[in-house]
Amino acid sequence: MHKKSVVLLITLLILIALLFTACKPAVEETAAPQAKLEEVAPEEKEAEPEQPASKEPIKFGVIQPLTGPVADAGAYVVSGLKIGVDKINAEGGVCGRQLEPIIMDGKNDPQESVNAAELLITRDGVPIIMGAWGSSSTLAVMPVMERNGVPLIVETSSSGKITTPGTPGFDWTYRFSPMSLMESEAAAPYIVDKLGMTKVAILNVNNDWGRGAAEVFTNVIVANGGEIVSEDFIEQTTTDVLPQLTSIKNSNADSILITTGAGQIATILKQYKELGMTQTVLTTGGSNYPVAIMNLSSAEIAEGTYHLVFYVPSEYDLAGDPAVAKWYFEEYYKRGLPDVGLGESYRGFDGVHVIAQAMELAGCDLSPEALQAAIPLVEFKGLSGTVKFDEREGHQSRPNVYLTKIENGVMVVPDFQFD
Amino acid sequence: MAEFLQHLINGLMIGGIYALMGIGLTLIFGIMNIVNFSHGEFYMLGAFGVLTLFTMMGIPYLLALLLSAVFFLLFGAVVERGILRPLQNQPVDVAMLATIGLSIFLSNLALIIWDPTPKDIGMPFPLIGINVGPITLTPIRVFIFVAAMLLILGSHMFLRNTRFGKAIRATFQDREAAALMGINTNTVNMVTFSWGTSIAAIAGGLLGPIFQVFPTMGAIVSAKSFAVVIAGGLGNFPGAILAGLLLGVAESLGAGYISSGYRDAIAFILIIVVLIVRPTGILGKARRLG
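Residue numbers (the working numbering), protein chains in the order written: chain A, 11 to 429; chain B, 82 to 371.
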């Protein structure tokens with residue numbers, strides 16, 4: 011064979027190999043993906059009751075994307091989780107023991123998330139896991155949980171499939187982030203009438219989350235007399251959306267519905283501005299914290315856009331427990347954490363409280379079965395409303411959903427949604 | 082029609098960058114017989130270079146781009162001298178593996194230095210659409226396209242009209258004969274690799290402001306550069322330019338008219354079609370460089 015053909019053949023083979031791992035590019039070699047929380051300050055430890063036999067910390071698993079395109083969101087969830095863990099531990103821990111999360115990098119990749127879940131269960135023997143951020147990753151992890159009989163607390167994923175009876179792993183899965191359906195139901199009274207979204211172009215990320223959201227929002231828009239003009243799905247790594255936006259600009263769409271993470275929303279808005287578009291923009295999905303979007307584009311670019319969120323940090327009264335919301339807001343900034351992460355961080359805070367309360371409700375029996383039995387009894391007034399798994403056969407909680415708008419460079423909560 | 086023109090222009094603009102990435106990769110392959118899998122990481126580092134200089138240190142954008150280009154010229158020389166030259170008498174797959182290792186190393190290095198959070202470079206030009214007839218252009222896109230074309234033209238002139246360019250072309254045609262004529266082929270290798278590295282870094286610095294910057298951003302660009310180089314014919318300079326522009330336009334029209342979900346697949350469909358129809362690349366037998 012000609013030398014050049016050999017090189018071409020090898021190149022193609024390697025390229026194919028690299029493509030199959032494209033969702034998790036070149037981060038394999040990152041130092042141990044497992045990160046443990048710092049111990050709490052010694053004086054706080056001394057305050058605990060003396061129980062030498064059970065002093066060993068209670069471990070639980072966390073799967074979040076810590077590298078890859080949505081690593082920022084995972085880091086924010088983890089920062090909220092750490093605040094929650096520190097608060098619980100400082101107040102005496104759970105069942106007199108400290109909590110210790112074992113945090114694994116799932117990269118928001120289904121395969122990696124499954125590996126992380128297997129490791130957490132078999133290597134670390136955790137009785138409960140919180141994760142795995144994206145819907146596709148969560149759906150992949152669920153059967154693993156069922157096979158091993160370990161409950162999963164879902165903090166971010168929005169796909170309806172996750173809490174649909176019959177989905178593999180459903181019995182072991184409990185979700186407090188809203189389904190896209192709940193978001194769309196909350197937006198139903200105003201999406202067409204008040205926002206004037208009558209001819210809508212959908213531009214969503216191409217996964218279970220984006221596709222699920224497109225479906226339920228289509229139903230709501232159509233039911234309220236609007237219509238869907240076009241539907242585009244982009245990969246989470248896509249950076250150039252000019253082709254899609256050009257088509258939308260040249261259609262008769264009066265508005266764009268976007269479901270993806272803050273980073274990609276910022277990129278879309280930049281290019282929306284480049285084309286001089288004027289369509290109303292509404293983003294959904296809960297990873298669209300308006301401050302993060304402004305930070306990743308600019309206040310000017312994001313001006314006038316609408317965003318559905320589950321937690322409005324500065325409006326304490328909208329949270330499940332205003333006092334906790336106020337404490338959290340202050341503690342977050344006391345720790346010097348970034349503005350952009352606040353909107354997404356609440357998931358970790360509420361999540362660890364759900365886990366802690368389940369442990370207490372199980373009478374400190376930390377077996378996965380006891381926790382599974384206790385979770386439906388949990389009622390936690392947190393940052394995103396009250397977590398109570400009373401829908402979808404006791405597997406789904408209904409958090410708050412608020413419409414926010416970026417106005418003069420700040421996030422506001424328009425009044426008309428409360429009418 | 083207006084929409085078609087807009088898609089065409091969008092495609093040409095992004096295609097200019099694909100072409101720029103492609104010529105670097107194809108030059109390195111043509112001269113050094115190295116398939117450089119770290120090309121996408123040079124692109125990523127170029128974007129981080131501009132982020133650091135322009136966004137963090139406040140140096141004017143053009144100067145930041147220039148400084149970053151010069152830095153990566155040196156960086157490429159170091160990589161060539163330190164990693165690739167010692168391997169030049171080894172089988173071709175050894176250097177290939179070395180570049181895969183380098184790409185993993187570089188993206189993890191970026192992860193440590195800049196953390197995984199996507200970053201915004203900020204807009205160096207006002208973000209106002211200029212309407213030219215039915216199509217909308219922004220200063221940044223025009224700048225990116227013009228810069229890419231000037232760099233491609235510059236590379237071409239350098240190869241065509243300078244004494245050193247002649248040496249590079251001679252080395253490309255016949256390494257042994259060139260060495261016998263007194264050409265220092267090691268220097269030729271180093272200059273080629275530096276040049277390729279630097280233009281990949283410039284491409285990253287150019288596209289950075291309109292996208293986000295993060296450590297794994299090189300992966301998909303790397304894959305597309307290979308598509309361009311393979312479609313254009315390995316080592317074929319004009320082929321890479323043509324294939325780059327073609328890919329940009331095909332993606333833009335494909336995503337606009339067919340389905341955005343298949344957008345990234347278009348590059349690979351292009352490779353498959355070219356390999357079936359013209360296995361030597363779009364510009365077929367043209368073996369000369371420049």
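Every residue, glycine too, gets a C-beta built ideally from N, C-alpha and C.
Per the Cβ contact rule, the stretch 233 to 242 of chain B is in contact with the stretch 99 to 119 of chain B (3 or more Cβ pairs under 8 Å). For Pro300(A), no chain B residue has a C-beta closer than 9 Å to its own C-beta; the minimum C-beta separation is roughly 15 Å.
The beta carbon of Val202(A) sits closer than 7 Å to those of Thr208, Ile231, Asn234, Gly235 and Gly236, all from its chain and outside the five residues before and after it, given in chain order.
Rounded to whole angstroms, Ala258(B) and Leu165(B) show a C-alpha spacing of 22 Å. In chain order, Ala312 place their CB closer than 6 Å to the CB of Met304(A), counting only its own chain and leaving out the 5 sequence neighbours on each side. Ser333(B): member of the alpha helix (DSSP H) spanning Phe318 to Leu334, first to last residue.
Taking the beta carbon of Phe243(A) as reference, the chain B residues within 7 Å of it are Ser341 and Gly342, listed in sequence order. With the rule of 3 Cβ pairs closer than 8 Å, the stretch 135 to 149 of chain B does not count as touching the stretch 111 to 122 of chain B. Contact annotation: the stretch 343 to 355 of chain B touches the stretch 303 to 320 of chain B, with at least three C-beta pairs closer than 8 Å.
When CB distances to chain B are screened at a threshold of 9 Å, the residues of the stretch 293 to 320 of chain A falling below it are Asn305, Leu306, Ser307, Ser308, Glu310 and Ile311, in chain order.
Using a Cβ-Cβ cut-off of 7 Å, Glu84(B) is close to Thr256, Ser257 and Asn260 of chain A, given in chain order. Distance between Ile283(B) and Ala176(B), taken at the CA atoms: about 24 Å. Under DSSP, Tyr184(A) shares a beta bridge with Ile163(A). Relative to Phe206(B), the option among Leu143(B), Leu190(B) and Leu187(B) whose CA is nearest is Leu143(B). The beta carbon of His237(B) sits no closer than 7 Å to any beta carbon of chain A.
Short of 8 Å from the beta carbon of Val251(A), and not among the five residues preceding or following it, lie these beta carbons of its own chain, in chain order: Leu213, Ile244, Thr277, Ile278 and Gln281. Residue environment: Ser377(A) is assigned as exposed (fewer than 16 neighbouring CB atoms within 10 Å of its CB, all protein chains considered). Interface residue (Cβ-Cβ distance to chain B less than 7 Å): Gly220(A) is not classified as such.
One finds Leu208 in chain B with Cβ atoms closer than 7 Å to the Cβ of Lys283(A), taken in chain order. Across the structure, Met287(A) and Ile209(B) are spaced so that their CA atoms are roughly 11 Å apart. DSSP lists Thr293(A) and Thr414(A) as the beta-bridge partner residues of His317(A). By the Cβ test, the stretch 151 to 168 of chain A is in contact with the stretch 182 to 191 of chain A, since at least three Cβ pairs between them sit closer than 8 Å. Ranked by Cα distance from Asn216(A), the first of Ala126(A), Asp242(A), Tyr200(A) and Gly351(A) is Asp242(A). 7 Å or more divides the Cβ of Val423(A) from the Cβ of Glu193(A).
Using beta-carbon distances, Gly337(B) counts as an interface residue toward chain A, with a partner under 7 Å. None of the residues of the stretch 327 to 357 of chain A has a beta carbon lying less than 7 Å from any beta carbon of chain B. Leu91(A) is the residue among Pro332(A), Val362(A) and Leu91(A) whose C-alpha sits nearest the C-alpha of Leu352(A). In the structure shown, Glu237(A) adopts extended strand secondary structure according to DSSP, grouped into three states. Around the Cβ of Gln254(B), a 10 Å sphere holds fewer than 16 other Cβ atoms; the residue is exposed. Under the three-state reduction of DSSP, Arg166(B) is assigned to helix. It is roughly 16 Å from the alpha-carbon of Gly116(A) to the alpha-carbon of Arg133(A). Distances from the alpha-carbon of Val334(A) to those of Ala384(A), Ile268(A) and Phe390(A) put Phe390(A) closest. When C-alpha distances from Thr77(A) are compared across Asn189(B), Val131(B) and Gly96(B), the shortest belongs to Asn189(B). Residue pairing for Lys200(B): DSSP places it in a beta bridge opposite Val294(B).
Distance from the CA of Pro141(B) to the CA of Ile202(B), rounded to the nearest whole angstrom, comes to 12 Å. Identification of residues in the stretch 84 to 107 of chain B having a C-beta nearer than 7 Å to some C-beta of chain A yields Glu84, Gln87, His88, Asn91 and Ile95, given in sequence order.
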